[in-house]
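**Student:** Residues in the sequence shown are numbered consecutively from 1, following this note's numbering.
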Amino acid sequence: MLLLSLLFSAQAERPTEGGLFSFDASDDVLYYEEGMVRVHYSISGNNQTILDDVDASGVPDFVEVVAHTANDVLDTYAAMGFLYPLSESDVGLSPLGGSDAFDFYLVDFGGNSDGMFGMDGCRGTTCAGHMILENDFVGYGYPSLEEAVDVLASHELFHAVQAAYHAGQPSWLSEGSAMWAEWAYNPDVRD
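#1: Rounded to the nearest angstrom, how far is the Cβ of Glu156 from that of Met116, given a contact under 8 Å?
#2: Kindly list the residues whose CB is nearer than 6 Å to the CB of Val54, restricted to its own chain and excluding five residues on each side of it in sequence; keep chain order.
#3: With which residues is Ser42 paired in a DSSP beta bridge?
#4: Check whether the stretch 73–90 touches the stretch 14–27, taking contact to mean three or more Cβ pairs, one atom from each stretch, closer than 8 Å.
#5: Would Ala67 and Val39 qualify as a contact pair, given that the criterion is a beta-carbon distance under 8 Å?
#6: Whole angstroms are fine: how far does the CA of Ala101 sit from the CA of Tyr141?
#7: Could you check how far apart the C-beta atoms of Asn71 and Gly35 are, in whole angstroms? I think they sit under 8 Å.
#8: Tell me which residues share the same chain as Asn135 and place their Cβ nearer than 6 Å to its Cβ, disregarding the 5 neighbours each side in the sequence.
#9: Could you please give the first and the last residue of the uninterrupted alpha helix (DSSP H) stretch that includes Phe158?
#10: Assign Asp24 to one of three DSSP states: helix, strand, or coil.
#11: Name the DSSP beta bridge partners of Thr126, please?
#12: Pick from Leu74, Ala163, Asp191 and Ile43: whose alpha carbon is nearest that of Ala128?
#13: Which residues in the same chain as Ala181 place their Cβ atom closer than 6 Å to its Cβ, once the five residues preceding and following it in sequence are excluded?
#14: Once the 5 residues before and after Ser22 are set aside, which same chain residues still bring their CB inside 6 Å of it?
#15: What residue range does the beta strand (DSSP E) around Val63 cover?
#16: Looking only at its own chain, which residues have a Cβ that is under 8 Å from the Cβ of Asp52, when we skip the five neighbours before and after it?
#17: Does the beta-carbon of Thr69 have 16 or more other beta-carbons within 10 angstroms, so that it is buried, or is it exposed?
#18: By the 10 Å Cβ neighbour count, where 16 or more other Cβ atoms means buried, how is Tyr165 classified, buried or exposed?
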């Protein structure tokens, strides 16, 4: 999580544009859009995600879990009275992920982290961004993929909510309230 704090304050390149955690030439990147969320994932290459498709929908089940959970988290926060994360157009940018949906990118962090909110741009003190999430959680200590997604989607999306209000919060407040948001979303989470 230390890495997350360091990256949160700076504008981050999206994984399709290079940067610290990114897709590369070996990746065949597709996307899946559901509700307010677009999930970008690789079906081959260094960042290949889990491709199991038990429901035979044509989209990997893990990708659908990420999209469904993220939408549920955003709806939960809205029902609590919080703003939705800002879109790129809210801060004067064109749609960076191909639409105004909130973009998730599934990439291999190589054990260095498991997720992060990256800011794309700001208007004053409010900012819009995207999320980068571990592509398969192989070697991580989560009891299940669903719990990993619950923890990271609720935590990192709360950073996006925070940025819709004011992106320059001190780290103790930003991280502390994101931990609170995890438990508000799922009281049984063991993070």
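The C-beta atom is built at its ideal place from N, Cα and C for all residues, glycine as well.
**Tutor:** Taking the coordinates as given:
#1: A Cβ-Cβ separation of about 7 Å places Glu156 in contact with Met116 under the 8 Å criterion.
#2: Answer for Val54: Asp61, listed in chain order.
#3: Its beta-bridge partners are Val29 and Gln48.
#4: With a cut-off of 8 Å on Cβ pairs, the stretch 73–90 is not in contact with the stretch 14–27, counting fewer than three such pairs.
#5: Going by C-beta atoms, Ala67 is nearer than 8 Å to Val39.
#6: For clarity, residue 141 is Gly in the given sequence; the question names Tyr instead. Taken atom to atom, the span from the alpha-carbon of Gly141 to that of Ala101 is near 30 Å.
#7: So it is a contact: roughly 4 Å between Cβ atoms.
#8: Contacts found: Asn47, Thr49, Leu106, Val107 and Asp108.
#9: Its alpha helix (DSSP H) spans residues Leu145 to Tyr165.
#10: It is coil, neither helix nor strand.
#11: According to DSSP, which records beta bridges pairwise, Thr126 is partnered with Arg123.
#12: Measuring from the Cα of Ala128, the nearest candidate turns out to be Ala163.
#13: Counting only Cβ-Cβ distances below 6 Å, and skipping sequence neighbours, we find Ser154 and Phe158.
#14: Only Pro15 meet the Cβ criterion.
#15: It is not in any beta strand (DSSP E) - Val63 instead sits in the alpha helix (DSSP H) that spans Asp61 to Ala79.
#16: Only residues of its own chain outside the window of five on either side were considered, and among them Pro60, Asp61 and Phe62 have a CB closer than 8 Å to the CB of Asp52, listed in chain order.
#17: The residue in question, Thr69, is buried, as its Cβ has 16 or more Cβ neighbours within 10 Å.
#18: With fewer than 16 Cβ atoms within 10 Å of its Cβ, Tyr165 is classed as exposed.
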